[in-house]
Each structure stands twice: as C-alpha cells, then as structure tokens.
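Undergrad:
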Amino acid sequence: MRLKNDSDKLKYSNVWVVAEVLSGKIQPVTHELLGAARSLADAKKSKVWAVLLGHNVKEQAQLLIPYGADKVLVVDDSRLSGFSDELEARILVRLIKKYKPEILICGATTRGRALIPRVAVVSECGLTADCTELSIDPVSGDFLQTRPAFGGNIMATIRCPFHRPQMATVRPRVMKAPDADFSRNGEIIFEEVTESDASKIKRILEVFHSDDVAVNLADAQIIISGGRAMKGPEGFKMLGRLAARVGGAVGASRAAVDAGWIPYAHQIGQTGQTVQTKVYISCGISGQIQHLVGMQSCNLIIAIDKDPSTPMMQMADIAVVGDLFEIVPGLTEEIVKL
Amino acid sequence: MRYHIENKIYHVEILPPKQSTEKLEADLELFAEKYNRVMESGYCACITDNAMGLLAFQGHEIINELNLKVNPEQVMIHLNTFHTKSNLCEILDTCMAKGIKYLLIISGDGSDRLPKLQPADVEAEDVQSVTSVELLRYIKRHYPDTFTLGVAFNPYEPPEHEFEKLKRKIDAGAEFIVTQPIIEKNAIVDEMIQKYPDIPVIVEAWMSKKLYLLSDAVGYPIPEDTEFDPIKTLMQIHRDYPNCGVYLSLLGFKTQYHLIGETWRNI
Amino acid sequence: MKIVVCVKQVPATNDAKIDPETKRIVREGMQAILNPFDTYAVEEAVQLRDKFGGEVIALSMGPEKAALVLREAISVGADRGLLLSDRAFGGSDTWATSYVLSKAIEKIGGVDLVICGKQAIDGDTAQVGPGIAAHLDWMQAACVMEVCDADKDTITVKRMHEDGYDICEMSLPAVVTVVKDINTPRVPTLKGRLASDKSEIPIWKPEDIGAQSSKIGLDGSPTRVVKTAPPPIRNSVTKKITGTSAECVKELIAELRLRSIL
Ligand SMILES: Cc1cc2nc3c(=O)[nH]c(=O)nc-3n(C[C@H](O)[C@H](O)[C@H](O)COP(=O)(O)OP(=O)(O)OC[C@H]3O[C@@H](n4cnc5c(N)ncnc54)[C@H](O)[C@@H]3O)c2cc1C
Ligand SMILES: Cc1cc2nc3c(=O)[nH]c(=O)nc-3n(C[C@H](O)[C@H](O)[C@H](O)COP(=O)(O)OP(=O)(O)OC[C@H]3O[C@@H](n4cnc5c(N)ncnc54)[C@H](O)[C@@H]3O)c2cc1C
Numbered sequence: 522m523r524l525k526n527d528s529d530k531l532k533y534s535n536v537w538v539v540a541e542v543l544s545g546k547i548q549p550v551t552h553e554l555l556g557a558a559r560s561l562a563d564a565k566k567s568k569v570w571a572v573l574l575g576h577n578v579k580e581q582a583q584l585l586i587p588y589g590a591d592k593v594l595v596v597d598d599s600r601l602s603g604f605s606d607e608l609e610a611r612i613l614v615r616l617i618k619k620y621k622p623e624i625l626i627c628g629a630t631t632r633g634r635a636l637i638p639r640v641a642v643v644s645e646c647g648l649t650a651d652c653t654e655l656s657i658d659p660v661s662g663d664f665l666q667t668r669p670a671f672g673g674n675i676m677a678t679i680r681c682p683f684h685r686p687q688m689a690t691v692r693p694r695v696m697k698a699p700d701a702d703f704s705r706n707g708e709i710i711f712e713e714v715t716e717s718d719a720s721k722i723k724r725i726l727e728v729f730h731s732d733d734v735a736v737n738l739a740d741a742q743i744i745i746s747g748g749r750a751m752k753g754p755e756g757f758k759m760l761g762r763l764a765a766r767v768g769g770a771v772g773a774s775r776a777a778v779d780a781g782w783i784p785y786a787h788q789i790g791q792t793g794q795t796v797q798t799k800v801y802i803s804c805g806i807s808g809q810i811q812h813l814v815g816m817q818s819c820n821l822i823i824a825i826d827k828d829p830s831t832p833m834m835q836m837a838d839i840a841v842v843g844d845l846f847e848i849v850p851g852l853t854e855e856i857v858k859l
Numbered sequence: 026m027r028y029h030i031e032n033k034i035y036h037v038e039i040l041p042p043k044q045s046t047e048k049l050e051a052d053l054e055l056f057a058e059k060y061n062r063v064m065e066s067g068y069c070a071c072i073t074d075n076a077m078g079l080l081a082f083q084g085h086e087i088i089n090e091l092n093l094k095v096n097p098e099q100v101m102i103h104l105n106t107f108h109t110k111s112n113l114c115e116i117l118d119t120c121m122a123k124g125i126k127y128l129l130i131i132s133g134d135g136s137d138r139l140p141k142l143q144p145a146d147v148e149a150e151d152v153q154s155v156t157s158v159e160l161l162r163y164i165k166r167h168y169p170d171t172f173t174l175g176v177a178f179n180p181y182e183p184p185e186h187e188f189e190k191l192k193r194k195i196d197a198g199a200e201f202i203v204t205q206p207i208i209e210k211n212a213i214v215d216e217m218i219q220k221y222p223d224i225p226v227i228v229e230a231w232m233s234k235k236l237y238l239l240s241d242a243v244g245y246p247i248p249e250d251t252e253f254d255p256i257k258t259l260m261q262i263h264r265d266y267p268n269c270g271v272y273l274s275l276l277g278f279k280t281q282y283h284l285i286g287e288t289w290r291n292i
Numbered sequence: 003m004k005i006v007v008c009v010k011q012v013p014a015t016n017d018a019k020i021d022p023e024t025k026r027i028v029r030e031g032m033q034a035i036l037n038p039f040d041t042y043a044v045e046e047a048v049q050l051r052d053k054f055g056g057e058v059i060a061l062s063m064g065p066e067k068a069a070l071v072l073r074e075a076i077s078v079g080a081d082r083g084l085l086l087s088d089r090a091f092g093g094s095d096t097w098a099t100s101y102v103l104s105k106a107i108e109k110i111g112g113v114d115l116v117i118c119g120k121q122a123i124d125g126d127t128a129q130v131g132p133g134i135a136a137h138l139d140w141m142q143a144a145c146v147m148e149v150c151d152a153d154k155d156t157i158t159v160k161r162m163h164e165d166g167y168d169i170c171e172m173s174l175p176a177v178v179t180v181v182k183d184i185n186t187p188r189v190p191t192l193k194g195r196l197a198s199d200k201s202e203i204p205i206w207k208p209e210d211i212g213a214q215s216s217k218i219g220l221d222g223s224p225t226r227v228v229k230t231a232p233p234p235i236r237n238s239v240t241k242k243i244t245g246t247s248a249e250c251v252k253e254l255i256a257e258l259r260l261r262s263i264l
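Residue numbers (this note's numbering), protein chains in the order written: chain A, 522 to 859; chain B, 26 to 292; chain C, 3 to 264.
1. Please confirm whether residue 179(C) has its beta-carbon closer than 7 Å to some beta-carbon of chain B.
2. Could you say which of 79(C), 3(C), 144(C) and 83(C) lies nearest to residue 266(C) if we only look at CA atoms?
3. Write down the C-beta distance between residue 97(C) and residue 222(C) rounded to the nearest angstrom, noting that I regard them as a contact closer than 8 Å.
4. Compare the C-beta of residue 99(C) against all C-beta atoms of chain A and say whether one is closer than 7 Å.
5. For residue 62(C), write down the residues that DSSP places opposite it in a beta bridge.
6. Please look up how many angstroms separate the CB atoms of residue 130(C) and residue 100(C), rounded, as I've assumed it's under 8 Å.
7. Quick check: is any heavy atom of ligand 1 less than 6 Å from the C-beta of residue 811(A)?
8. How is residue 470(A) classed by DSSP in three states: helix, strand or coil?
9. Tell me whether residue 64(C) counts as near ligand 2, meaning its Cβ is closer than 6 Å to at least one heavy atom of that ligand.
10. So residue 204(C) and residue 90(C) are supposed to be a Cβ contact under 8 Å. How far apart are they, rounded?
11. Mind checking whether residue 267(C) and residue 37(C) have CB atoms under 7 Å apart?
12. Can you give me, in chain order, the residues of the segment 150 to 167 of chain B that have a beta carbon less than 9 Å from any beta carbon in chain A?
13. Going by the DSSP bridge assignment, what does residue 680(A) pair with across the sheet?
14. Which residue wins for smallest C-alpha separation from residue 253(C), given the options 714(A), 832(A), 580(A) and 825(A)?
15. Check the C-beta distance from residue 801(A) over to residue 746(A) and give it rounded, since I have them as a contact under 8 Å.
16. Look up residue 107(B) in the DSSP assignment and say whether it is helix, strand or coil.
17. Does any heavy atom of ligand 1 sit closer than 6 Å to the C-beta of residue 775(A)?
18. If you follow the beta strand (DSSP E) that residue 729(A) is in, where does it begin and where does it stop?
19. In the DSSP assignment, find the unbroken alpha helix (DSSP H) run with residue 250(C) in it and report its ends.
20. Cβ of residue 779(A) less than 7 Å from any chain B Cβ?
21. In terms of residues, what are the limits of the alpha helix (DSSP H) holding residue 157(B)?
22. To the nearest whole angstrom, what separates the beta carbons of residue 161(B) and residue 194(B), a pair I think is in contact under 8 Å?
23. Residue 108(B) versus chain A: which residues are under 9 Å apart at the beta carbon?
24. Just confirm the distance between the C-beta atoms of residue 47(C) and residue 5(C), as a whole number of angstroms; I'd bet it's less than 8 Å.
25. Would you list, in chain order, the members of the segment 830 to 853 of chain A that have their beta-carbon closer than 8 Å to a beta-carbon of chain C?
26. Suppose you measure from the CA of residue 209(B) to the CA of residue 199(C); what does that come to, to the nearest Å?
27. How about residue 132(B): is its C-beta nearer than 7 Å to some C-beta of chain A?
28. What do you reckon, is the C-beta of residue 274(B) under 6 Å from a heavy atom of ligand 1?
29. Taking only three categories from DSSP, how would you classify residue 161(C)?
30. Taking Cβ positions only, does residue 86(B) come closer than 7 Å to chain C?
31. For residue 218(C) and residue 183(C), I'd like the C-alpha separation in whole angstroms.
32. Near residue 683(A), what residues of its chain come up, given a Cβ to Cβ distance below 8 Å and the 5 sequence neighbours on each side ignored?
33. Does DSSP classify residue 182(C) as helix, strand or coil?
34. Would you tell me roughly how many angstroms separate the C-alpha atoms of residue 608(A) and residue 786(A), rounded to the nearest one?
35. With a threshold of 6 Å, establish whether the CB of residue 503(A) neighbours any heavy atom of ligand 1.
36. Report, in whole angstroms, the separation of the C-beta atoms of residue 150(C) and residue 161(C), which I expect to be a contact under 8 Å.
Following this line, the structure appears as structure tokens:
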C-alpha cells in the first residue's frame, strides 16, 4: 500500500520469508533467506515469519523454526500441489493485508520471480529483483536492497520509502544459511484457501521432474569452463564429467568455439553469454578482456592454468598452477569419493 | 586474387548500414556512394557480415535492392557462420545470380540476436560447432566452381593453434588468405607466407588513426595514446609485402581515399 | 487470435566499450537495439498468428526513438506497432511500466494473448510480464519454452522450472513470457525494414490510455534507485595452489569444502 504519512509505517512490522517448495520439499534457498531475515528482523527489533504454501507440507512447517522462523504461516491444500501463480498470489495478497508485514522476501527462483511481481502489483508496493545484498538504513529504517543490473555491470541500491510492505526477491546461494538450532521455539498458524482465491486459476496438466536437466549457462550455479587448452572436443567431455558431478554447466572461451570443439551457445564473453554464477572454474583460459567481461561478476573464481601469470590467474580467488589434464580428472575422481 | 595483386587493386572495406540505424535511407545512399567510388577506381569492395556481432544489413541484399553494378572482379562478400540455413542458401544463390565471385568465409562474431548454423545445416554431423572450415566445405560441395573462397588468418593468436586451423581451412578448399590488421612487418605473417607460397595473401592495413581501436578487433590491448600515421604505415606495408595484396580496413572516404590512389603504384 | 507483443529498446552490450581500468562496460554511446529476449516473443507471436490467424501488435513504452524497435518487429512480421511515449512515463519502475502497458492493452481491446520476453537485458528484473498479468487480473505463465496448443478460449504451454518443466492450460486472455528455447527468431531483411519504415506508428500519451497520473512515471513507482555503483572490485587476494597434481587436487578440495561448495 502507498503510505499516507510517516506514522502509517508503524502499522507494518515483521520480516516474512516465502518458502520455496519443490516436489513437496523445502528448498535450501528458504534456509538462506531465513538467515537473512533474522538479521533484518534483529535490526528492526521485530520477528521473522515464514510462509509455507503447498500440499502435504504441514509436517515440514516445524522444520523452519530451527533456521530462524518465529512464526510459520501454513496453507496446505491439494490445489497448491503444482505451481499456480494466480492462486498463490491471491493467498499471499490476502495474508499480507491481514498481517501487514513490513518486509517480504522470496527466492529469486523461476517461481519466485513469476509469483512475487504479481503479489507486489496487487498489493501496491515496490519489488526489487534478484538482490544480492540486504540491509536496513540506520537513518530512515527503510529496507535497502542491492542488486546487479545490466548483466552484472552495475550494482543498484533500491528502497521503497512510501510503500509497505517492502519486497525483494533474493538470488539463491548468496546468503548464508544459518546452522539449525533445534532448541528454538516458534508458533505455527494455519490458514485456508478461500473460494475466491481459487477462482480462475490455470490447470496443471503434467509435471516433469528431472535431476539431470541439462543445466544451461544462465541458470547454472557452477560453471566449468574450458579454452584453447582443451585441445579438442574430448577435453570438453572431460569438463562435462566434472560438471555432471557437481551439477554444473560447461562454458567455453571463444578460442574453443572457433575451433569447433563446442557449440557457440556455451561461449562466455563479450560476443557470447554473460554469467554470474556462484562458482566459475576456468580451465586453461588465459582471461583476455573479452572473456573476462562475461564472467567477472561470478562469486568465486577458480583458475587452473600451467602459467601462473595470466590475467585469469591474477584475478582468480583460487589459482591452481598445474596441468589441467591431470587436475580436472583428479578432482572429478575425488568428488565421486566424497 | 593474383590478378588483384599484380594489378595493384586494393580491397576496400565497406560497412553496410546497421540495423539499429535511425536514418536508413541516408545510410544506404552513403553506402552506394562509397561502393560506386570503389568501382570507378577499379578497386574491390569488401562488404562485412555483422561485424562485432552487431546486426547490419547484408551486402547481397543491398546490392540487390539498390541495383548496384557488379563486376565479378570488384566485389567480395564476407560470410560468417551466424545465419540460418535458409538465410545461407539465399545469400549464396543471390551472390551466384549477381555474379559475385569472391567470398571471405569466417567463423564470425556472434550475439544474442544472431542464429548460428548447426552442423546438420552444412552436413557436418561429426563436429560440435560450425566453423569456417565446415562452411567452406559446404559451399565447395554445393556450388562447385562458382566462387573463389578466402579465409582469415590471425597472427595475434597463439601460432601453433592458428597454423593448425589455417591448414584445415586450406585443406577444405580456401583459395586466398586475408590477415587481421597489421601495422608493421609481422614474423608470424612472414612464416605463413613462406608456408603457403602458392596461395595469394592479402594483408590487412589499419587505416584508422585511432590505433587503440585495433585492440577491439584483434583482442589484445594497445594503449590509447599510441602515435599512428596510417598512410605512412601503408606505404611501409607495401614495401615489406611486395607480393601481397592489401585490404584497407576503416578507410576514411573523405580524408584518405584521395591519398591512396598513388601509394601502391609509386612503390 | 489478437496478440500483443511487448518489446523494449535496450543498449547493445556487444557494442560496449570496455573501460581498461575498471574492466567494466562503458554504457555511453552504445547503440540501442531490440531487447534480445523480445525477438523470441515477436517470433512466437508471428508464428501463432500464422497458425491461428488474427493480428500481432507490437507495443513499447519508451522515448520516441523506440519506434525503431517497433519497426523491427514489423519488419519480421508484426502487423502494426504502438508506441507509448511521454515525459510523464519517464522514470517508471516495473510497477508503473506494467501499469502503463496494461492500460494500453485494455485500450487496444479484444486482446487474447500478451507475449513478453523473459527479461530485459538492462533492467534485468523479469517483473514486467507478470506485472501486466496482475494489473489485468489475467492468468500468466513465465519462462514458457513451448506453446503446445491453443484455441479461441485456451492456451496450453510448457514452462521451464529449475527442477524440470510442467505443462499447464490457461484460459484466455493470458500473459506469457518466453525463454530462448522456444524458437529461432528470424533476422530482419532490408526489404522487410524498408517496408516497415513506411508504416505509421501512432504515439499514445497517458490521456489516450486513461492512465492515472499518480500511477505512472516516478510518482507511480514505489521503488527508488538510491545509488548505482560498479560492482565491488574483486577481492584481490589470490589463494595460489601449487605442487604435484595430486597435492593440488587435495588442496583445492579442501578449499571448496571450507567454502561449503562441496
Ligand atoms: C571482437 C572480439 C570479441 C571476442 N569475444 C570473445 C568472447 O565473447 N569470449 C571469449 O572467450 N573470447 C572472445 N574473444 C577472444 C579473446 O580475445 C581471446 O582470444 C580468447 O578468449 C582466448 O581464449 P583462451 O583463453 O581459451 O586461449 P588462450 O589465450 O590461448 O589461453 C590458453 C591458456 O591455457 C593454458 N594452458 C594450455 N595448456 C594447458 C594445460 N595442459 N594445463 C593448464 N593450462 C594450460 C595456457 O597457459 C593459456 O593461459 C573476442 C575477441 C574479439 C576480437
Ligand atoms: C539499475 C536499475 C535497477 C532497477 N531495478 C529495479 C527493481 O529492482 N525493481 C523495479 O521495479 N524496477 C527496477 N528498475 C526499473 C526497471 O528497469 C524499469 O521499470 C523498466 O521499465 C522495466 O524493467 P526491466 O527493464 O527489468 O524489464 P523486464 O521486466 O526484465 O522485462 C521483461 C519483458 O517485459 C517487456 N517490457 C519491459 N519493459 C518494457 C517497455 N518499456 N515497453 C514494452 N515492453 C516492455 C518486454 O517484453 C521484456 O522482455 C531498475 C532500473 C535500473 C536502471
């Protein structure tokens, strides 16, 4: 809602986390967000609420408390088994009106990024997309949300001074999940789906789960990238095996693409894709600037090269000096053993 | 191509209008003006294909649309691997119909906006990705004796790898070679010329005063304030490479064109 | 089927100069292009029209020169373009942008389907598509990778998710946002472009679509960008790992575990 005056702000309190449920299971991003919400709520001297929408999820509500939830709002209904944006949005809008949270955060997952814009529009409040940093402005008490834009080339800090609640989607695997504390206490509140919530909603006909969806670069959390040093398509198969182990995707420098060893869709850089993964493992890529602009916003950069003086090795967080044809298979093997 | 070198015929780069242009009509007019000027001088016009991955209109469609005169010895079209199959066929068919003979086959710069030829499109199921090599083979197979095909050589890339790629291009049927821009005698280019004495080589001369822009094209850093005199450099390149043709990139039609008329002849 | 396809003009990252100091893209002087994701939206709209009949209207909010991206849409098959351009629209965030677009869609009238790109490459929010659906209270499907079927009342689409995909049926009118897997967009030809240059692109102002002034532009935007900055310079300490390959592997694994990546 748009605030009429400053004292309106006082009607809103607490930090909400909308839980992410896939195949009936709470996803790790929810724990990360509970951790982030805890520090926001501490700064505001308010409470953390988790909102859990799904089917047969009642038992799992309890599991949110150890990660920092003080209250858990649960809506358990068979109509919530698939992802119905319209239905979930109406429920959230209704709960927001009823309980008036000051802040609401949700994972910037495909679901979160489809659902929360709908909630924000109807609730008449702002929404910051895909945040990587959250804090409370010590002066105004407003929620400060920082996010990359322009393919990671700019960081924008955003606030919503005149609207409540303040909403953000938060990139998965950026915030640190707290250790579970099973001694924490919390309250569980049940809410229902109303008839009007469930009118005019899509019909979900089929759902396909697959563990080995070929991860594409844009959605990957880990990218294993190879360059000219791979010597041929076989080299990329070796990277593929490591990627499969860690659930990542394979990237490439232009030198490798131009040599015909891997399709253009894998090229990272100025004339390829821009990626911002959590982990980027560069295998024999020297790091010319046209490549760097496509991946320098990744969180953790690991470089493997026999030459320690390359730009990539200089900029990496971890630089492994050695022959990648020994190190990559070695790494794959050791990970299998873990 | 030998004919071009023996008769001191320059290859003059002309960039087609970008798709993002707000003044297409004016850009087309300018293109036609440059093209016709190159024709009158007896040089060879070289038309680029979505350079730097930025969408531009295609040489063959402009020639067609504006009904520009084609002398087979005086036009070269760049053709990269960022096209759909139907696009590719349309380009090749139009070139054939128009009598355009010289094609420079390159892998090219991609972008989000450009489709990429798939291996099956060029009947190359055994590769992961289509490069100039597969495209060359395809054209040779389907348009035998129609075109004279050239390829690019980049002396700034690690030589071992670049020579290996060049070998595959030559094996696939490349008949001439165009280098990336050089600004002085280059040992790698010399080595290449020695390796392939029977293949005509065109060296590219950088004609922009802004030398640092060259780093965008070749991928290696050049400081912004480097002094550079394009015409002097061009004359030196002629002296260093008397048996090579010369491709002029980013030639200034207003400021430089009138100066190049005699440079080569006077050497 | 009457289809509105929403297109945005964005700076071309390919055209970017790279600042040698900060190693970041310099935005000044970049060319403006059609948002790459939107080319998939236009292509899908054109293919659906060719299959089911009807009309494709390209719609954009932006400065007057954004007419160019509408012409591009027309040059690859859209029937006509509409531009929302007015100073009062300036500074709109996704809330206000999707409000303006939804008012225009209402004004066009009789629209069955709105297609948006997954996201714009500058703002990068992916919020406008679902925002339009919310303003209109229509059904929505984001990240659509295939339109499986459609008739005059319903559309069935395949949506991409992190853990697979699903197939869902929506009643029309509805909004979808599309990902790259959905099709291969055609590239405009010179002929198409010359023809599109002749088409008239009407410009609509707030009053033409009955937009409330308190809901558009900066006034209508709940979010405020308070600061933009280059991303933090990478932490310059590089942890160097050397030794035999086996030692390197061991140490790397230890590092990865320390950072809870494994
Ligand atoms: C207009 C333009 C656009 C471009 N766009 C892009 C782009 O989008 N993306 C891109 O990537 N490039 C792009 N480039 C190309 C870029 O400039 C570089 O040429 C390219 O990135 C180099 O690729 P590389 O690092 O794989 O190869 P190299 O630079 O040759 O590096 C190979 C590295 O592998 C190491 N190595 C070799 N063998 C081994 C081994 N056994 N074990 C460990 N290390 C080994 C070497 O020490 C070396 O550091 C562009 C260039 C231009 C001009
Ligand atoms: C650095 C920066 C950060 C920003 N962060 C936020 C933020 O967190 N929250 C927020 O609300 N706003 C934000 N904005 C404002 C936002 O970019 C604008 O509101 C913009 O008008 C739409 O958002 P987008 O570019 O992210 O588009 P997206 O939502 O990513 O675009 C998705 C699709 O919607 C359609 N579309 C989008 N814009 C238009 C248009 N003008 N005309 C026609 N169709 C269109 C296209 O089909 C497009 O593919 C930010 C702006 C900047 C510069």
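Virtual Cβ for every residue (Gly too), placed ideally from N, Cα, C. Computed from a prediction, not measured in an experiment: that's the story for all the values here.
TA: Result, derived from the coordinates:
1. Residue mapping note: residue 179(C) aligns to position 177 of the third sequence, counting from 1. By this cut-off, residue 179(C) is not an interface position.
2. This structure gives no information on residue 266(C), because the portion of chain C shown stretches from 3 to 264.
3. What you label residue 97(C) is simply residue 95 of the third sequence in a count that begins at 1. What you label residue 222(C) is simply residue 220 of the third sequence in a count that begins at 1. Contact holds; Cβ gap of about 7 Å.
4. One-based indexing of the third sequence puts residue 99(C) at position 97. For residue 99(C), no CB of chain A lies under 7 Å from its own CB, so it is not counted at the interface with that chain.
5. Working through the third sequence from its first residue, we reach residue 62(C) at position 60. Answer is 85(C), bridged to residue 62(C).
6. Locating residue 130(C) in the third sequence gives position 128, counting from the first residue. Locating residue 100(C) in the third sequence gives position 98, counting from the first residue. By a beta-carbon distance limit of 8 Å, residue 130(C) contacts residue 100(C). Their separation comes to about 5 Å.
7. In the first sequence, the residue the question calls residue 811(A) occupies position 290. Result yes, Cβ under 6 Å from ligand 1.
8. Residue 470(A) lies beyond the stretch modelled for chain A, which goes from 522 to 859, so this question has no answer here.
9. Start at 1 with the first residue of the third sequence, and residue 64(C) comes out as number 62. It does: the Cβ of residue 64(C) is within 6 Å (strictly closer) of some heavy atom of ligand 2.
10. Position 202 of the third sequence holds residue 204(C). Position 88 of the third sequence holds residue 90(C). Residue 90(C) and residue 204(C) do not touch by the CB rule: their CB atoms are close to 17 Å apart, not below 8 Å.
11. This structure does not reach residue 267(C), given that chain C is present from 3 up to 264, and the question cannot be answered.
12. Legend: CB atoms of the segment 150 to 167 of chain B lying less than 9 Å from CB atoms of chain A belong to residues 152, 153, 154, 155, 156, 157, 158 and 159.
13. Residue mapping note: residue 680(A) aligns to position 159 of the first sequence, counting from 1. In the DSSP assignment, residue 680(A) is bridged to 226(C).
14. Counting from 1 along the third sequence, the entry for residue 253(C) is found at position 251. Of the residues 714(A), 832(A), 580(A) and 825(A), the one whose Cα lies closest to the Cα of residue 253(C) is 825(A).
15. The residue you call residue 801(A) lines up with position 280 of the first sequence. The residue you call residue 746(A) lines up with position 225 of the first sequence. Correct: roughly 7 Å between the Cβ atoms.
16. By 1-based counting over the second sequence, the position of residue 107(B) is 82. Looking at residue 107(B) - three-state DSSP - the assignment turns out to be coil, as it is neither helix nor strand.
17. Numbered from its first residue, the first sequence carries residue 775(A) at position 254. Checking every heavy atom of ligand 1 against the Cβ of residue 775(A), one is found closer than 6 Å.
18. The sequence position of residue 729(A) within the first sequence is 208, counting from 1. For residue 729(A), the enclosing beta strand (DSSP E) begins and ends at 724 to 730.
19. Residue numbering aside, residue 250(C) sits at position 248 when the third sequence is read from its first letter. In this chain, the alpha helix (DSSP H) harbouring residue 250(C) covers 247 to 260.
20. Position 258 of the first sequence, counted from the start, is the residue given in the question as residue 779(A). Answer yes: the Cβ-Cβ gap between residue 779(A) and chain B drops below 7 Å somewhere.
21. Taking the first residue of the second sequence as position 1, residue 157(B) is located at position 132. It spans 157 to 167 - the alpha helix (DSSP H) in which residue 157(B) sits, taken as one unbroken run.
22. To locate residue 161(B), count along the second sequence from 1; it is residue 136. To locate residue 194(B), count along the second sequence from 1; it is residue 169. Confirmed, Cβ separation roughly 6 Å.
23. One-based indexing of the second sequence puts residue 108(B) at position 83. Under the 9 Å cutoff, chain A gives no residues; its nearest Cβ is about 12 Å from residue 108(B).
24. Within the third sequence, numbered from 1, the residue matching residue 47(C) stands at position 45. Within the third sequence, numbered from 1, the residue matching residue 5(C) stands at position 3. Approximately 5 Å separates the beta-carbon atoms of residue 47(C) and residue 5(C); this is inside 8 Å, confirming the contact.
25. Flagged, chain order: 834, 835, 836, 837, 838, 839, 840, 841, 842, 843, 844, 847, 848, 851 and 852.
26. Taking the second sequence and counting its residues from 1, the one referred to as residue 209(B) is at position 184. Taking the third sequence and counting its residues from 1, the one referred to as residue 199(C) is at position 197. Each residue's alpha carbon lies about 45 Å from the other.
27. To locate residue 132(B), count along the second sequence from 1; it is residue 107. Residue contact check for residue 132(B) against chain A: a CB pair falls below 7 Å.
28. If you number the second sequence from 1, residue 274(B) lands on position 249. For ligand 1, not one heavy atom lies less than 6 Å from the Cβ of residue 274(B).
29. Residue 161(C) sits at position 159 when you count from the first residue of the third sequence. Strand, per DSSP.
30. In the second sequence, counting from the first residue as 1, residue 86(B) sits at position 61. Answer yes: the Cβ-Cβ gap between residue 86(B) and chain C drops below 7 Å somewhere.
31. Locating residue 218(C) in the third sequence gives position 216, counting from the first residue. Locating residue 183(C) in the third sequence gives position 181, counting from the first residue. Note on geometry: alpha-carbon atoms of residue 218(C) and residue 183(C) lie some 33 Å from one another.
32. In the first sequence, residue 683(A) corresponds to position 162, counting from 1. Excluding residues within five positions, the ones whose Cβ falls inside 8 Å are 523 and 524.
33. Taking the first residue of the third sequence as position 1, residue 182(C) is located at position 180. Residue 182(C) falls in the helix class under three-state DSSP.
34. Here residue 608(A) refers to the residue found at position 87 of the first sequence. Here residue 786(A) refers to the residue found at position 265 of the first sequence. Near 36 Å, if we compare the C-alpha coordinates of residue 786(A) and residue 608(A).
35. Coverage of chain A is limited to positions 522 through 859, which leaves residue 503(A) absent and any answer about it impossible.
36. Here the question's residue 150(C) lines up with position 148 in the third sequence. Here the question's residue 161(C) lines up with position 159 in the third sequence. Not really, about 11 Å apart at Cβ, beyond 8 Å.
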